[in-house]
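Below is one structure; the comments refer to it alone.
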Amino acid sequence: MKPILALIYGASFWGFIWYPTRFLESMGLPGIWQLLTSYVSAMIVLLILEGFKLTRISQKPGHAILLIFAAGWTNVAFVLAVLNYEVARVLILFYLSPLWAIILGRWLLGERITFLTGVMLLLGLSGAALMLWDDGNFSGPLRQGDLLALSAGFCFALTNVLTRYLDNLSITLKTQLAWLGGIIVSLAFITFLNEPFPKVEIEIWIGSILLGVFGYFLATIVVVYAISRMPIQRSSIILLFELFVGAISAWLLAGEVMEFKDWLGGCIIVCSGMIAIFHGKKVQEKLYG
12 MKPILALIYG ASFWGFIWYP TRFLESMGLP GIWQLLTSYV SAMIVLLILE
62 GFKLTRISQK PGHAILLIFA AGWTNVAFVL AVLNYEVARV LILFYLSPLW
112 AIILGRWLLG ERITFLTGVM LLLGLSGAAL MLWDDGNFSG PLRQGDLLAL
162 SAGFCFALTN VLTRYLDNLS ITLKTQLAWL GGIIVSLAFI TFLNEPFPKV
212 EIEIWIGSIL LGVFGYFLAT IVVVYAISRM PIQRSSIILL FELFVGAISA
262 WLLAGEVMEF KDWLGGCIIV CSGMIAIFHG KKVQEKLYG
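Right, here's the structure in full:
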């Protein structure tokens, strides 16, 4: 029961993350500065508890660096997307990640793409096309939120595959590399966008720090704890609870309502993801184990 509750907490956090980030932004702290503050806070806590051991990174340095930037982009792009765009739509497009993992697993892990996996890919991409199609034109991809969600999902899949590939690294070190990526990508956004240092009350900074320690840090720890103690198919299904939390909370608290074609496309994407989760225990263990 404890692993299930832990996973529900993690999924609920990521489904509800849009609310505290939007609140902090409304108080004057931009999302990108929130991310930087939160990830630095989470990293400091983990460094105090575990230290930072880089001895084994030298075995596969290129893939470790790729993990840093893939995980960093995943976290930053996802939070910026739910911060500024329709939450349910972002979450659904993000959950194309199991399909991207199939492609990446073929490239990095040498997994064979079967007829069924090909069908899953076409099904998921068809659902995305339906969501992005508007009056005979693909106007969706021009929306920054859609691009952020899709790229975050792709990098999430890449992060999962690289996490499996870098089996010589500890879970703690992989977590630290992921958070380091969040810090680096946040700093890159701040520099590229020339974001000025926000002048807000100390209480707002403290709120962002607490979000990092009791949000990002705690959610990551409990998800790792839960996934290591239950079958991957079961944990993957429970993580879909994030979609429910995000859609319902955005509807109740922000009045967000998606069109019918968005829900239909989303159902197709979720169904294709469910098939991907259950298709082949051996494949899924290599991709997500």
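In terms of my numbering, the sequence shown is numbered consecutively and its last residue is 300.
Here a beta-carbon is modelled for each residue, glycine too, at the ideal position from N, C-alpha and C.
- [ ] Evaluate contact between the region 90-100 and the region 254-266, counting only Cβ atoms and requiring at least three cross-stretch pairs below 8 Å.
- [x] At 8 Å Cβ cutoff, the stretches touch.
Task: C-beta atoms of Phe-24 and Ala-230 nearer than 7 Å - done: The residue you call residue 24 lines up with position 13 of the sequence shown. The residue you call residue 230 lines up with position 219 of the sequence shown. Taking 7 Å as the Cβ cut-off, Phe-24 and Ala-230 qualify as a contacting pair.
- [ ] Output the distance between the C-alpha atoms of Leu-222 and Leu-251, rounded to the nearest integer angstrom.
- [x] If you number the sequence shown from 1, residue 222 lands on position 211. If you number the sequence shown from 1, residue 251 lands on position 240. It is roughly 22 Å from the alpha-carbon of Leu-222 to the alpha-carbon of Leu-251.
Task: Euclidean distance between Cα positions of Ala-112 and Leu-169 - done: The residue you call residue 112 lines up with position 101 of the sequence shown. The residue you call residue 169 lines up with position 158 of the sequence shown. Ala-112 and Leu-169 have their C-alpha atoms some 7 Å from each other.
- [ ] Rank Lys-13, Trp-44, Thr-183 and Leu-254 by C-alpha distance to the C-alpha of Val-211 and give the top, closest one.
- [x] Here residue 211 refers to the residue found at position 200 of the sequence shown. Measuring from the Cα of Val-211, the nearest candidate turns out to be Trp-44.
TODO: Output yes if chain D places a C-beta closer than 7 Å to the C-beta of Arg-175; else output no.
DONE: Absence of chain D from the displayed structure is noted, only one protein chain being present.
- [ ] Would you give the residue range spanned by the alpha helix (DSSP H) that Glu-214 belongs to?
- [x] As a position in the sequence shown, residue 214 is number 203, starting the count at 1. Counting along the chain, Glu-214 sits inside the alpha helix (DSSP H) bounded by residues 213-222.
Task: Where Pro-152 sits in the DSSP three-state scheme - done: Start at 1 with the first residue of the sequence shown, and residue 152 comes out as number 141. Caution is warranted here: a pLDDT of 45 is assigned to Pro-152, below 50, making its placement in the model unreliable, and no coordinate value can be reported.
Open item on the list: Could you give the first and the last residue of the continuous alpha helix (DSSP H) run that contains Asn-95?
Closed with: Indexing the sequence shown from 1 puts residue 95 at position 84. Going by DSSP, Asn-95 is part of the alpha helix (DSSP H) stretching over 72-95.
Task: For Trp-30, the first and last residue of its enclosing alpha helix (DSSP H) - done: Within the sequence shown, residue 30 is the residue found at index 19, counting from 1. Trp is not the amino acid found at residue 30; the sequence shown has Tyr there. Residue range 29-37 is occupied by the alpha helix (DSSP H) that includes Tyr-30.
Task: Ordered list of alpha helix (DSSP H) runs contained in the region 175-206, each at least 4 residues - done: As for any alpha helix (DSSP H) of minimum length 4 sitting wholly inside the region 175-206, the runs are 182-203, ordered along the chain.
Task: Close Cβ partners of Glu-206 (< 8 Å) along its chain, the five nearest in sequence each way excluded - done: Within the sequence shown, residue 206 is the residue found at index 195, counting from 1. So the qualifying residues of the chain are Pro-41, Ile-43, Trp-44 and Phe-200.
Task: Beta-carbon proximity list for Tyr-30, same chain, < 7 Å, skipping 5 on both sides - done: Counted from its first residue, the sequence shown places residue 30 at position 19. So the qualifying residues of the chain are Ser-260 and Leu-264.
TODO: Go to Arg-240, then tell me how far its alpha helix (DSSP H) extends in each direction, as first and last residue.
DONE: Your numbering for residue 240 matches position 229 in the sequence shown. Note, Arg-240: premise wrong, no alpha helix (DSSP H); not H, not E.
Task: Closest by C-alpha distance to Asn-171, when choosing among Leu-161, Leu-158 and Lys-185 - done: Counting from one through the sequence shown, the residue named residue 171 turns up at place 160. Residue Lys-185 is the option with its Cα nearest to Asn-171.
- [ ] Measuring alpha carbon to alpha carbon, tell me which of Leu-46, Ile-249, Val-56 and Ile-232 ends up nearest Thr-85.
- [x] Numbered from 1 along the sequence shown, position 74 holds the residue referred to as residue 85. Nearest Cα to Thr-85 within the set Leu-46, Ile-249, Val-56 and Ile-232: Leu-46.
Task: Residue interval of the alpha helix (DSSP H) (run including Glu-61) - done: One-based indexing of the sequence shown puts residue 61 at position 50. Its alpha helix (DSSP H) spans residues 42-61.
Open item on the list: Would Ser-219 and Val-87 be called neighbours here (beta carbons separated by less than 7 Å)?
Closed with: As a working mapping, residue 219 is identified with position 208 in the sequence shown. As a working mapping, residue 87 is identified with position 76 in the sequence shown. For the 7 Å CB-CB criterion, Ser-219 and Val-87 do not form a contact.
- [ ] Less than 8 Å between the CB atoms is what I'm expecting for Ala-92 and Cys-166, so what's the real figure, rounded?
- [x] Taking the first residue of the sequence shown as position 1, residue 92 is located at position 81. Taking the first residue of the sequence shown as position 1, residue 166 is located at position 155. Ala-92 to Cys-166, Cβ: 12 Å. No contact.
Task: First and last residue of the uninterrupted alpha helix (DSSP H) at Val-268 - done: The residue you call residue 268 lines up with position 257 of the sequence shown. Unbroken run through Val-268: none, as it is neither H nor E.
Open item on the list: Please tell me whether Tyr-50 and Ile-194 are closer than 7 Å, where the distance is taken between their beta carbons.
Closed with: In the sequence shown, the residue the question calls residue 50 occupies position 39. In the sequence shown, the residue the question calls residue 194 occupies position 183. Closer than 7 Å, so yes.
Task: For Ile-217 and Phe-225, the rounded distance between their alpha carbons - done: In the sequence shown, counting from the first residue as 1, residue 225 sits at position 214. In the sequence shown, counting from the first residue as 1, residue 217 sits at position 206. Cα to Cα, the separation comes out at about 12 Å.
TODO: Keeping to the same chain, check which residues put their C-beta closer than 6 Å to that of Ala-258; ignore five residues upstream and five downstream.
DONE: Position 247 of the sequence shown, counting from 1, holds the residue named residue 258. Counting only Cβ-Cβ distances below 6 Å, and skipping sequence neighbours, we find Ala-99.
Task: Residue interval of the alpha helix (DSSP H) (run including Leu-251) - done: If you number the sequence shown from 1, residue 251 lands on position 240. Neither: Leu-251 is in no alpha helix (DSSP H) and is coded neither H nor E.
- [ ] Compute the Euclidean distance between the alpha carbons of Trp-274 and Ile-59, then round it to the nearest angstrom.
- [x] For this step, residue 274 is matched to residue 263 along the sequence shown. For this step, residue 59 is matched to residue 48 along the sequence shown. Counting only the Cα atoms, Ile-59 lies some 44 Å from Trp-274.
- [ ] Could you spell out the range, first to last residue, of the alpha helix (DSSP H) harbouring Phe-225?
- [x] Your numbering for residue 225 matches position 214 in the sequence shown. Run containing Phe-225: none; DSSP gives neither H nor E here.
TODO: Rank Gly-62, Leu-104, Ala-140 and Asp-178 by C-alpha distance to the C-alpha of Pro-72 and give the top, closest one.
DONE: Counting from 1 along the sequence shown, the entry for residue 72 is found at position 61. The alpha carbon of Pro-72 has as its nearest neighbour, out of Gly-62, Leu-104, Ala-140 and Asp-178, the alpha carbon of Asp-178.
Task: Bounding residues of the alpha helix (DSSP H) (the contiguous stretch that carries Leu-104) - done: Position 93 of the sequence shown, counting from 1, holds the residue named residue 104. Following the DSSP letters along the chain, one finds Leu-104 inside the alpha helix (DSSP H) bounded by residues 98-105.
Task: Same chain, Cβ closer than 6 Å to Gly-138, five either side skipped, listed in chain order - done: By 1-based counting over the sequence shown, the position of residue 138 is 127. Contacts found: Gly-276, Ile-279 and Ile-280.
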